[in-house]
Amino acid sequence: MTAGLEPNDSFEGWLTHEGGSPADSGLPWLDSARTTALARVRTQGIPSGKQEAWRYTSLKTLAEQPFKQCCDTFTAVEEDDLEDLLVPGLDAHRAVLVNGRFMPGLSTLDQLPSGVRAGGLRSILGSDPDALAGRLNQVARDGVHVFSALNTAGMDDGFVLLLPPGGEIERPIELIHLSIGMEEPRVAQPRHLVVLEDGSQATLIERYVSLGESLYCTNSVLEIELGRGAVLRHDRIQEESANAFHITGLYLSQAEGSRYQGLNLGLGAAWARSDLVVRFAGEHAECDLKGLYLSGDRQVMDYHVDVDHAVPSCASRETFKGILYGKGRAVFDGRIHVAVDAQKTDAHLSNRNLLLSRNAEVDTKPQLEILADDVKCSHGTTVGQIEPEMLFYLRSRGIPAALARRMLCLGFAEEIIDSLGEEPLREYVADRVGKRLEQAPLD
Numbered sequence: 000m001t002a003g004l005e006p007n008d009s010f011e012g013w014l015t016h017e018g019g020s021p022a023d024s025g026l027p028w029l030d031s032a033r034t035t036a037l038a039r040v041r042t043q044g045i046p047s048g049k050q051e052a053w054r055y056t057s058l059k060t061l062a063e064q065p066f067k068q069c070c071d072t073f074t075a076v077e078e079d080d081l082e083d084l085l086v087p088g089l090d091a092h093r094a095v096l097v098n099g100r101f102m103p104g105l106s107t108l109d110q111l112p113s114g115v116r117a118g119g120l121r122s123i124l125g126s127d128p129d130a131l132a133g134r135l136n137q138v139a140r141d142g143v144h145v146f147s148a149l150n151t152a153g154m155d156d157g158f159v160l161l162l163p164p165g166g167e168i169e170r171p172i173e174l175i176h177l178s179i180g181m182e183e184p185r186v187a188q189p190r191h192l193v194v195l196e197d198g199s200q201a202t203l204i205e206r207y208v209s210l211g212e213s214l215y216c217t218n219s220v221l222e223i224e225l226g227r228g229a230v231l232r233h234d235r236i237q238e239e240s241a242n243a244f245h246i247t248g249l250y251l252s253q254a255e256g257s258r259y260q261g262l263n264l265g266l267g268a269a270w271a272r273s274d275l276v277v278r279f280a281g282e283h284a285e286c287d288l289k290g291l292y293l294s295g296d297r298q299v300m301d302y303h304v305d306v307d308h309a310v311p312s313c314a315s316r317e318t319f320k321g322i323l324y325g326k327g328r329a330v331f332d333g334r335i336h337v338a339v340d341a342q343k344t345d346a347h348l349s350n351r352n353l354l355l356s357r358n359a360e361v362d363t364k365p366q367l368e369i370l371a372d373d374v375k376c377s378h379g380t381t382v383g384q385i386e387p388e389m390l391f392y393l394r395s396r397g398i399p400a401a402l403a404r405r406m407l408c409l410g411f412a413e414e415i416i417d418s419l420g421e422e423p424l425r426e427y428v429a430d431r432v433g434k435r436l437e438q439a440p441l442d
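Position one of the sequence shown corresponds to residue 0 (numbering that gives the first Met the number 0), numbered consecutively onward.
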């Protein structure tokens, strides 16, 4: 078992393992990764506002919480408990994690095509660790900040999806992260690995949901490795408890000719931080990242996008929109780096924000770092309010103020919502966003 932190260290409770962990298997490659990550946690501690990556996001409230690692399998959840959380009409294979632990009894993965490997990280490490050797922690490695290292040091379970060359999954896989309140504030650190070998295709829908409004923290890391010509559609919807903390690190590596289409929706949690890190490892690969976040009622939504064009002839699109109301805050930090030899790069970054109240606040910082000369790159950001003339027009036709504002905001968000891959998911998200906007204070 990996040793815990010293009692005076910041994240002692996050790395307390009762009842075992993947490191107990004695796998040298896994033990080494965890030991390295633990050393980084001990060295770095809690980031401060003096660091550029945390300049606009305070960690004071998070650091004050006495979180303890979720260690026990929560067996009291039954299928009926999931019913109200499911997307009506969505036809998908399903993988369910409860408080960070994979639940085979709630998952429906038995109809996946032959050759596809899907299941819990803990189980696969115990039965067939060679399937993950050379894969797990190869894309994320050290991560972009200490929370990724915390996940590596404290990873206990998660979801694994491995597709063979030319493999195809016609129906989406829905990965549900369900959090249930405990007597003490808990932190779950699921670790996910998705590998699509050359020419394979799949759709992954990730959803973070909770029963109740309890205080907890989710610190997840997802590693995605796309082989040559592989295609992945990936929709992520974060609807954590209104009192929860949410941290996600998504690390993506794309080989030659691969395509990734990812959409990120931030609706829940009191404090949420998402890091989306893309690395092009082969030419003619394409990445399309979209995002929509709503922030109100003293919420904080923080998105950091880092796209590294290290090879020639790749294309990336990053389009993020935010709607803020009340005393909601948001941070968007987008960076595109084009290396010296990455000629013929086509990269564009956009962040647009709609402020519905005087007290809402957004800090947005799009960046281009271009070291090649034969490229097509652009970036831009806007922060504005609803046009009074448009609101007056709708009000003059008898539409109540709250409904009129909902209509205009949904029109602003339509580009992102319509990009969701499944129609039931589009309808579900539009309804959830619309209800939030109707309930938002008018000032």
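Note that CB positions come from ideal geometry on N, CA and C, so glycine has one too.
| Check | Outcome |
| --- | --- |
| Separation of Leu355 from Gln438, as counted between CA atoms | 12 Å |
| Residues near Asn352 in its chain [Cβ-Cβ closer than 6 Å; skip 5 each side] | Gly321, Val361, Val382 |
| Extent of the continuous beta strand (DSSP E) to which Asn352 belongs | 345–354 |
| Per-residue burial, Tyr392 [other beta carbons within 10 Å of its own, 16 or more giving buried] | exposed |
| Distance CB(Arg278)-CB(Leu251) smaller than 8 Å | yes |
| Residue(s) in a DSSP beta bridge with Cys465 | Residue numbering for the chain in the displayed model covers 0 to 442; residue 465 lies beyond these limits and cannot be assessed. |
| Beta-carbon proximity list for Ser20, same chain, < 6 Å, skipping 5 on both sides | Unreliable placement is indicated for Ser20, whose pLDDT of 43 sits below 50; no coordinate value is reported for it. |
| Cβ separation of Leu249 and Asp274, assumed to be a contact under 8 Å, to the nearest whole Å | 7 Å |
| Rounded straight-line distance, which links the Cα of Ser113 to that of Val299 | 43 Å |
| Thr42, DSSP secondary structure in three states | helix |
| DSSP beta-bridge partners of Asn242 | BP columns for Asn242 are empty, so no partner. |
| Other residues of its chain near Arg39: CB distance less than 6 Å, five sequence neighbours each side excluded | Ala148 |
| Bounding residues of the alpha helix (DSSP H) (the contiguous stretch that carries Arg435) | 422–438 |
| Status (buried if at least 16 other CB within 10 Å, exposed otherwise) for Arg357 | exposed |
| Residue from Leu96, Leu111, Gln110 with nearest C-alpha to Gly104 | Leu96 |
| Identified DSSP bridge partners for Leu221 | His191, Leu249 |
| First through last residue of the alpha helix (DSSP H) which encompasses Thr151 | 145–153 |
| Close beta carbons around Arg93, own chain, < 7 Å, minus the five adjacent residues each side | Ser106, Thr107, Glu173, Ile175 |
| 6 Å CB neighbourhood of Ile236 in its chain, flanking five on each side removed | Arg206, Leu264 |
| Segment contact flag, the stretch 175–185 with the stretch 122–138, C-beta cutoff 8 Å, min 3 pairs | no |
| Contacting residues, own chain, Cβ-Cβ under 7 Å from Gly153 (five flanking each side not counted) | Trp13, Leu14, Gln68, Gln188 |
| Asn150 versus Pro387: straight-line alpha-carbon distance, rounded | 46 Å |
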